[in-house]
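In this text, residue positions in the sequence shown follow UniProt numbering: the first is 1, and each later residue adds one. Contents: one structure, followed by commentary.
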Amino acid sequence: MKSHDTTSFATRCGRVTRLLGHLAVGVFIVATRYSRLAQAERAVVTRRWAQHALKILGVSIKVRGVNPGFYPPNTLLVANHVSWLDIVALNSCTVSRFVAKREIRQWPLIGWLAYVAGTLFIDRGNRRDASRVNQILAEAMQNGGCMAVFPESTTSDGSGLLPFKASLFEAALLARGTVQPVSLRYQRPDGSLLREAAYIDDISLLQSIRKVLSVPQIEVEISYGQALKAGEPGLDNRFLLAEQSRSEVALGLGLTLEDTQQAADAPAAATNA
1 MKSHDTTSFA TRCGRVTRLL GHLAVGVFIV ATRYSRLAQA ERAVVTRRWA QHALKILGVS
61 IKVRGVNPGF YPPNTLLVAN HVSWLDIVAL NSCTVSRFVA KREIRQWPLI GWLAYVAGTL
121 FIDRGNRRDA SRVNQILAEA MQNGGCMAVF PESTTSDGSG LLPFKASLFE AALLARGTVQ
181 PVSLRYQRPD GSLLREAAYI DDISLLQSIR KVLSVPQIEV EISYGQALKA GEPGLDNRFL
241 LAEQSRSEVA LGLGLTLEDT QQAADAPAAA TNA
């Protein structure tokens, strides 16, 4: 497939119509019965909704490695961050409650859906807020939850890997839980990197959705790395956990240490997520 291939106007309109209908179904479920469901039931509903949303958008999933389960208990899932699609793609395989920047809470409809679905919102401009979120994360994990964070703290175009911020890895140590590194790579059916999915360069959410809708077929390669047991020798502080998790994510993306260093040295281009 050539990079300039795009969907027809009729296809984009059809996707938008079906996506709006699917979003309405999600709103109805959340507003009427989601809060009354047991956590395992919520996970099933969430995964089914995510899988159907990806189908509407023409997105297929390719899994590498060992999926720890659709809702693994006492787990902190950590992944590289490329797009708003990351959450949908991950939830189609491993359902998690996510940590997001507090500004997302103000997004029309999406912010409310994220809040009701259990998303935790953090003030990234306040370092002390990480302590509050860590306590909530740890408690949720100890109660059998699977939580998810994007340690890069921003999105990239997917060609590299930014440094991981270690602050929220403290939750895994407090809970004596498992850290599950996950790599996300957006590509075309021929395996070439797909940059249209990246939510970067201060584009609006609507502009990003339009770019995704214009791509005929998107493949998301989800690679599960080696699970890490927080607190074990060599993984007994948040910096070591962050470093080892980043190495596992880089391995899943097929990146070398030189590649990740170049990404770390490059100016941050993304501020959307």
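In this text, a Cβ means the ideal position worked out from N, Cα and C, and glycines have one as well.
Under 8 Å between C-beta atoms of residue i and residue j
i, j, result
"ALA53", "VAL88", "yes"
"PRO181", "SER245", "yes"
"ALA230", "LEU241", "yes"
"THR178", "LEU228", "yes"
"LEU76", "ALA172", "yes"
"GLN142", "ALA175", "yes"
"TYR199", "SER208", "yes"
"ILE61", "ARG15", "no"
Assumed close pair residue i, residue j - CB separation to whole angstroms, cut-off 8 Å
i, j, result
"LEU168", "GLY26", "No, LEU168 and GLY26 are not in contact; Cβ-Cβ is about 27 Å, not under 8 Å."
"ASN91", "LEU184", "That belief does not hold up - the Cβ atoms of ASN91 and LEU184 are roughly 12 Å apart, past 8 Å."
"ARG64", "SER223", "4 Å"
"TYR115", "ARG105", "6 Å"
CB contact check: residue i to chain B, cutoff 8 Å
i, result
"GLU232", "Protein chain content of the structure displayed is limited to a single chain, and chain B is not contained in it."
Buried or exposed by the 16-neighbour rule on C-beta atoms within 10 Å, applied to residue i
i, result
"ASP5", "exposed"
"ALA269", "Confidence in ALA269 is poor, its pLDDT being 49 and thus under 50, which makes the residue's placement too unreliable to answer from."
"ARG36", "exposed"
"GLU170", "buried"
"ALA140", "buried"
"residue 280", "Outside the shown range of the chain, which is 1 to 273, sits residue 280, and nothing can be said about it."
"THR46", "buried"
"ALA100", "buried"
"ASP236", "exposed"
"VAL66", "exposed"
Residue range of the alpha helix (DSSP H) that includes residue i
i, result
"ARG48", "39-57"
"ARG210", "205-213"
"GLN106", "Neither: GLN106 is in no alpha helix (DSSP H) and is coded neither H nor E."
"GLN187", "Unbroken run through GLN187 is the beta strand (DSSP E), 178-187; no alpha helix (DSSP H)."
"VAL30", "9-32"
"residue 306", "Because the chain in this structure spans residues 1 to 273, residue 306 falls outside the shown range and cannot be described."
"VAL249", "238-253"
"SER131", "129-142"
Run of the beta strand (DSSP E) containing residue i, from where it starts to where it stops
i, result
"GLU196", "Taken as a continuous stretch (DSSP letters only), GLU196 belongs to no beta strand (DSSP E), as it is neither H nor E."
"ILE218", "218-224"
"ILE200", "Here ILE200 belongs to no beta strand (DSSP E), and DSSP marks it neither H nor E."
Meets three-Cβ-pair contact criterion under 8 Å: the stretch 217-225 and the stretch 134-152: no
Tell me whether the stretch 119-128 and the stretch 67-77 touch, counting them as touching only if at least three CB pairs, one residue from each stretch, are closer than 8 Å. no
Give a yes or no on contact between the stretch 238-252 and the stretch 84-98, applying the rule of three or more CB pairs nearer than 8 Å. no
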